[in-house]
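J.:
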């Protein structure tokens, strides 16, 4: 397919490369910032553009991978006489946000966290697909299938719940890692000491459900150990509160 | 070395096997419950005992791997005329808890979560060592070095902080995975959809520090997305509160 890629951030970069690797053609890369457009367009062998008026009208897919709050504005300025399906890639933006600006539209939401520093294997990344109509769905499903083995239909409400679940299991989890790092640093210990534990904890839930493998003082009801821990956290009321409220939730399960 | 292993739970099982694999001899396995002692003693080719009065007096190390609250009671009942170093394996129990019951004593704390279902590679597990005196330290350091490449000295306060950090980065993290699973189930989505994300999040901090790789709406200050998420969590006040307090902490960093 011929694809216009709108955006040059992490999602645009990884998705653009995966699409090219699967044999599609990125015809244009748009970014407001000219050199951002140019530096992504080059490896994708696409034309770099920094004006939405320069977007071609005959592509199959217009893939909007920009910040959530900019999706509407980008869609609004696309040439109105374009063909093809207009798509965004956000977890928490309703499909309806594209309806004022496109005839056929939809969503491709890759359920993964992307960073510039680390390549990802797209074939194992689940991709949630939603579309305005059956024809658009078939096009988007085909596009997603060409880069991932785990494509599934998902309405906007489900997609939002997926994003919220991801915030808990990924963003908030990383924050707990950061709290661990802070506590260790406060006692002149290196974060590296808990890296094996962090990996093991994640690997356990690759084959089990989390509630089956919960460990630690809270699930054992080990009040004495929890008291010792709270003693150590004395004076750090935010951490104490978090420790107590998470322990209480675990203990109740 | 000749070792008496006191306990038959996860830590005793994994540690006992690692010690045998490294060429040490487990001479006895003690558990209050006779068949627990027997079923661990068998693969370790040790004698099973269920009375502490039957513990031999000429071992090099008495390794107490029982529940935290039972450590003192087990140490108190060991034969008083025994030789060797008495050791516990707990993260949050002060080394001083052994001093009334032993001449030479110490701690070997493996920084890992153990479960019966999954084998572990002990060689990469950090082991914190503390001892009553230099002679005991040398013995315990030697023992730990024989099964792990990551042995380090660690006083009781540091060890407690390590355990607290582990509770945040492992036990609480698993609880966040469980919250993710609950949210998905509530919208008829499978936990499997966020497994790649969970693994990626853990793998990122194997090479980076957590605060360097924090992602998500909170760190971006993306208020609109957070509002949408809180909308979805409406009526689940505990989850809303947790979402807001963790987001606030991340946003402040």
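Chains as they are written, first to last, in full-length UniProt numbering: chain L, 1 to 253; chain X, 1 to 253.
Note that beta-carbon positions come from the ideal geometry of N, C-alpha and C, so glycine has one too.
#1: Please confirm whether residue 183 of chain L has its beta-carbon closer than 8 Å to some beta-carbon of chain X.
#2: Tell whether a beta-carbon distance below 8 Å holds between residue 33 of chain X and residue 53 of chain X.
#3: For the segment 108 to 126 of chain L and the segment 202 to 214 of chain X, state whether three or more C-beta atom pairs, one from each stretch, are separated by less than 8 Å.
#4: Are the C-beta atoms of residue 321 of chain X and some chain L residue less than 8 Å apart?
#5: So does residue 135 of chain X have its beta carbon nearer than 7 Å to some heavy atom of the ligand GDP?
#6: Considering only the alpha carbon of each residue, which of X/150, X/93, X/5 lies closest to residue 122 of chain X?
#7: Going by C-alpha to C-alpha distance, which of L/180, L/98, L/249, L/28 sits closest to residue 211 of chain X?
#8: For residue 103 of chain L, which residues in the same chain have their Cβ closer than 6 Å to its Cβ, ignoring the five residues on either side in sequence?
#9: Just confirm the distance between the C-beta atoms of residue 188 of chain L and residue 153 of chain L, as a whole number of angstroms; I'd bet it's less than 8 Å.
#10: Who are residue 2 of chain X's beta bridge partners in DSSP?
#11: Using DSSP's beta-bridge definition, name the partner residues of residue 118 of chain X.
#12: Is residue 4 of chain L closer than 8 Å to residue 55 of chain L when the C-beta atoms are compared?
#13: If I follow the unbroken alpha helix (DSSP H) through residue 136 of chain X, where does it start and stop?
#14: From the DSSP secondary-structure annotation, give me the bridge partner or partners of residue 110 of chain X.
#15: For the candidate residues X/48, X/31, X/68, X/92, whose alpha-carbon lies nearest to that of residue 229 of chain L?
#16: Can you tell me whether residue 43 of chain L is buried or exposed? The criterion is at least 16 other CB atoms within 10 Å of its CB, across all chains shown.
#17: Any C-beta of chain L sitting closer than 8 Å to the C-beta of residue 69 of chain X?
#18: Is there a C-beta anywhere in chain X that falls below 8 Å from the one on residue 109 of chain L?
#19: Opposite residue 191 of chain X in the DSSP bridges: which residues?
#20: According to a CB-to-CB cut-off of less than 7 Å, which residues of the segment 190 to 203 of chain L neighbour chain X?
#21: Can the beta-carbon of residue 15 of chain L be found closer than 8 Å to that of residue 126 of chain L?
#22: Going along chain X in order, which residues have a C-beta closer than 8 Å to the C-beta of residue 145 of chain L?
#23: Using the DSSP secondary-structure output, state which residues sit across from residue 243 of chain L in a beta bridge.
#24: Within the 8 Å Cβ cut-off, does residue 96 of chain X reach chain L?
#25: Can a CB atom of chain X be found closer than 8 Å to the CB of residue 172 of chain L?
#26: Short check: CB of residue 61 of chain L to CB of residue 27 of chain L, under 8 Å?
#27: Given that a residue counts as buried once 16 or more other Cβ atoms are within 10 Å of its Cβ, and exposed if not, what is residue 259 of chain L?
#28: Quick check on residue 233 of chain L: does DSSP put it in helix, strand or coil?
#29: Starting from residue 211 of chain X, follow the beta strand (DSSP E) in both directions and report where the run begins and ends.
#30: Under a Cβ-count criterion, where at least 16 other Cβ atoms within 10 Å of its own Cβ denotes burial, should residue 257 of chain X be classed as buried or exposed?
#31: When the Cα atoms are used, what is the spatial distance from residue 214 of chain X to residue 48 of chain X?
#32: Please report the Cβ distance between residue 101 of chain L and residue 75 of chain L, rounded to the nearest whole angstrom; I am assuming they are in contact, meaning their Cβ atoms lie under 8 Å.
#33: Measuring CA to CA, which of X/78, X/68, X/113 is closest to residue 107 of chain X?
#34: Give me the chain X residues within the contact set of residue 76 of chain L, using Cβ-Cβ distance strictly less than 8 Å, ordered along the chain.
#35: With 8 Å set as the bound, which would you pick, yes or no: does the beta-carbon of residue 151 of chain L sit closer than that to a beta-carbon of chain X?
#36: Go through its chain and collect everything with a Cβ distance to residue 20 of chain X's Cβ below 7 Å, but skip five positions before and after it.
T.: Quick look at the numbers:
#1: The sequence position of residue 183 of chain L within the first chain is 183, counting from 1. Yes - at least one Cβ of chain X is within 8 Å of the one on residue 183 of chain L.
#2: As a first step, residue 33 of chain X is located in the second chain; it is residue number 33 there, counting from the start. As a first step, residue 53 of chain X is located in the second chain; it is residue number 53 there, counting from the start. Their beta carbons are not under 8 Å apart, which means residue 33 of chain X does not touch residue 53 of chain X by this criterion.
#3: yes
#4: Since the displayed chain X opens at 1 and closes at 253, residue 321 of chain X lies outside it and no answer follows.
#5: With respect to the ligand GDP, the structure offers nothing, as it holds no ligand at all.
#6: Sequence index remark: in the second chain, residue 122 of chain X carries index 122 (1-based). For the residues X/150, X/93, X/5, the minimum Cα distance to residue 122 of chain X belongs to X/150.
#7: Taking the second chain and counting its residues from 1, the one referred to as residue 211 of chain X is at position 211. Out of L/180, L/98, L/249, L/28, L/180 has the C-alpha closest to the C-alpha of residue 211 of chain X.
#8: Taking the first chain and counting its residues from 1, one reaches residue 103 of chain L at position 103. Excluding sequence neighbours, residue 103 of chain L sits near nothing in its chain.
#9: Indexing the first chain from 1 puts residue 188 of chain L at position 188. Indexing the first chain from 1 puts residue 153 of chain L at position 153. Their Cβ separation, rounded to whole angstroms, is 52 Å, which puts residue 188 of chain L and residue 153 of chain L out of contact at 8 Å.
#10: To locate residue 2 of chain X, count along the second chain from 1; it is residue 2. X/25.
#11: The sequence position of residue 118 of chain X within the second chain is 118, counting from 1. In DSSP, residue 118 of chain X forms a bridge with X/115.
#12: One-based indexing of the first chain puts residue 55 of chain L at position 55. One-based indexing of the first chain puts residue 4 of chain L at position 4. Cβ distance < 8 Å, so residue 55 of chain L and residue 4 of chain L count as in contact.
#13: Here residue 136 of chain X is taken as the residue at index 136 of the second chain, counted from 1. From DSSP, the alpha helix (DSSP H) with residue 136 of chain X extends over 134 to 145.
#14: Residue numbering aside, residue 110 of chain X sits at position 110 when the second chain is read from its first letter. Residue 110 of chain X pairs with X/127.
#15: The residue given as residue 229 of chain L occupies position 229 in the first chain. Closest by alpha carbon: X/92.
#16: To locate residue 43 of chain L, count along the first chain from 1; it is residue 43. By the neighbour-count rule (16 or more Cβ atoms within 10 Å), residue 43 of chain L is not buried but exposed.
#17: Mapped onto the second chain, residue 69 of chain X falls at position 69. Yes, residue 69 of chain X lies at the interface with chain L (some Cβ there is under 8 Å from its Cβ).
#18: Taking the first residue of the first chain as position 1, residue 109 of chain L is located at position 109. Chain X has no Cβ within less than 8 Å of the Cβ of residue 109 of chain L.
#19: One-based indexing of the second chain puts residue 191 of chain X at position 191. Partner(s): none; residue 191 of chain X has no beta bridge.
#20: For the segment 190 to 203 of chain L, the beta-carbon criterion of a distance under 7 Å to any beta-carbon of chain X is satisfied by 191, 193, 194, 195, 196, 197, 198, 199, 200, 201, 202.
#21: Here residue 15 of chain L is taken as the residue at index 15 of the first chain, counted from 1. Here residue 126 of chain L is taken as the residue at index 126 of the first chain, counted from 1. Their beta carbons are not under 8 Å apart, which means residue 15 of chain L does not touch residue 126 of chain L by this criterion.
#22: Position 145 of the first chain, counting from 1, holds the residue named residue 145 of chain L. Result: empty, since nearest Cβ-Cβ is about 16 Å, beyond 8 Å.
#23: Within the first chain, the letter at position 243 stands for residue 243 of chain L. None; residue 243 of chain L has no bridge partner.
#24: Sequence index remark: in the second chain, residue 96 of chain X carries index 96 (1-based). No, because no Cβ of chain L sits closer than 8 Å to the Cβ of residue 96 of chain X.
#25: Residue numbering aside, residue 172 of chain L sits at position 172 when the first chain is read from its first letter. Output row for residue 172 of chain L: interface = yes.
#26: As a first step, residue 61 of chain L must be located in the first chain, where it is residue number 61. As a first step, residue 27 of chain L must be located in the first chain, where it is residue number 27. No.
#27: Given a span of 1 to 253 for chain L in the structure shown, any question on residue 259 of chain L remains unanswerable.
#28: Translated into positions along the first chain, residue 233 of chain L becomes position 233. Residue 233 of chain L: coil per DSSP, three-state reduction.
#29: Position 211 of the second chain holds residue 211 of chain X. Taken as a continuous stretch (DSSP letters only), residue 211 of chain X belongs to no beta strand (DSSP E), as it is neither H nor E.
#30: Nothing can be reported for residue 257 of chain X, as the shown portion of chain X is limited to 1 through 253.
#31: As a working note, residue 214 of chain X is residue 214 in the second chain. As a working note, residue 48 of chain X is residue 48 in the second chain. The alpha-carbon atoms of residue 214 of chain X and residue 48 of chain X are separated by roughly 50 Å.
#32: Along the first chain, read from residue 1 onward, the residue named residue 101 of chain L stands at position 101. Along the first chain, read from residue 1 onward, the residue named residue 75 of chain L stands at position 75. Yes, they are in contact, since the Cβ atoms of residue 101 of chain L and residue 75 of chain L sit about 4 Å apart, within 8 Å.
#33: What you label residue 107 of chain X is simply residue 107 of the second chain in a count that begins at 1. The residue from X/78, X/68, X/113 with its alpha-carbon nearest to that of residue 107 of chain X is X/68.
#34: Counting from one through the first chain, the residue named residue 76 of chain L turns up at place 76. Near residue 76 of chain L there are no residues of chain X at all, since even the closest Cβ is about 17 Å away, more than 8 Å.
#35: By 1-based counting over the first chain, the position of residue 151 of chain L is 151. Chain X contact via Cβ: absent.
#36: Translated into the one-based positions of the second chain, residue 20 of chain X becomes position 20. Closer than 7 Å at the Cβ level, and outside the excluded window around residue 20 of chain X, lie 26, 44.
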